[in-house]
Amino acid sequence: MTDNNKTTASGPETAVANKYNISELKSTCDEALRQYFEKKGFKERHTHTDVKLLLGYTGVLFCVIDFLYSWKNPFKSTKWFSYISVTVFTLTAILTVLYSFFVQRDTFYVGHSEEKGVVISAGSSVKAHEPEYHLTLSSRPIQVEKPRPVPTSLPRIVVKPFSTWFHEDGKLNRELFEAEIENALDALFKLTHKD
1 MTDNNKTTAS GPETAVANKY NISELKSTCD EALRQYFEKK GFKERHTHTD VKLLLGYTGV
61 LFCVIDFLYS WKNPFKSTKW FSYISVTVFT LTAILTVLYS FFVQRDTFYV GHSEEKGVVI
121 SAGSSVKAHE PEYHLTLSSR PIQVEKPRPV PTSLPRIVVK PFSTWFHEDG KLNRELFEAE
181 IENALDALFK LTHKD
């Protein structure tokens with residue numbers, strides 16, 4: 001798959017997706033949302049990726065140590081470590097799947113703005129044979145020494161057909177898409193600051 005969402009020095013190029021491929025339409029919207037948040041001064045956090053990488057590298061490290069240890073010594077004297085390394089690798093793989101399923105879920109973006117004192121999370125999903133983009137936005141305060149008056153929000157859910165933002169040729173109408181996100185964020189912050 002080619003990268004249809006390139007960013008140039010003058011700004012993001014026109015995003016194009018195959019309008020018959022729901023997965024590609026979703027990925028294009030996800031990337032456009034990332035670019036929108038970057039433009040608004042949010043810095044992306046990679047906590048979910050870091051956790052999964054740490055788990056993966058831990059399992060692989062045990063296997064590499066086992067390989068090197070087994071290479072220098074006979075199997076009978078190293079098989080106990082092979083049992084340990086296989087067990088650790090299996091556990092880290094299971095933990096990665098559980099983390100993705102129960103913690104990360106459909107979240108593809110987490111970003112923060114020091115200026116606004118808020119962390120934004122965005123999750124998206126699609127259903128088979130339903131060309132609709134399901135977006136969930138939520139916010140919470142940045143964890144700092146002095147708490148800021150930004151309470152954790154109730155999630156704001158947006159469900160729109162892809163045809164709302166994509167032209168017949170598969171080009172994303174970035175202005176319409178960003179206006180929709182702006183409205184969703186306004187509603188999110190109104191819910192957040194509701195008395």
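Counting in full-length UniProt numbering, the sequence shown runs from 1 upward without gaps.
Glycine included, C-beta positions come from ideal geometry on N, C-alpha and C.
- Out of Ile65, Leu33, Asp66, Lys19, the CA that lies nearest to the CA of Thr107 is found in Leu33.
- Residue Cys29 holds the alpha-carbon nearest to the alpha-carbon of Val158 among Thr14, Cys29, Asn21, Asn18.
- Closest option to Ala184, judged by alpha-carbon separation, among Phe37, Val16, Thr14: Phe37.
- Apart from the 5 residues on each side of it in sequence, Lys43 sits with its Cβ closer than 7 Å to the Cβ of Gly111, His112 in its chain, given in chain order.
- The residue from Lys160, Arg174, Thr49, Trp80 with its alpha-carbon nearest to that of Val126 is Lys160.
- Contact between Ser121 and Lys26 does not hold, since the beta-carbon distance rounds to 17 Å and is not under 8 Å.
- Taking a cut-off of 8 Å for Cβ pairs, the stretch 81 to 92 and the stretch 46 to 60 touch, as three or more such pairs fall below it.
- Per DSSP, the unbroken alpha helix (DSSP H) holding Ser23 starts and ends at 22 to 39.
- A direct Cα-Cα distance of roughly 16 Å separates Glu182 from Tyr133.
- Sixteen is the threshold: when 16 or more other Cβ atoms of the shown chains lie within 10 Å of the Cβ of Asp66, as they do, the residue is buried.
- When the beta-carbon positions are compared, Arg140 and Ala187 stay at least 8 Å from each other.
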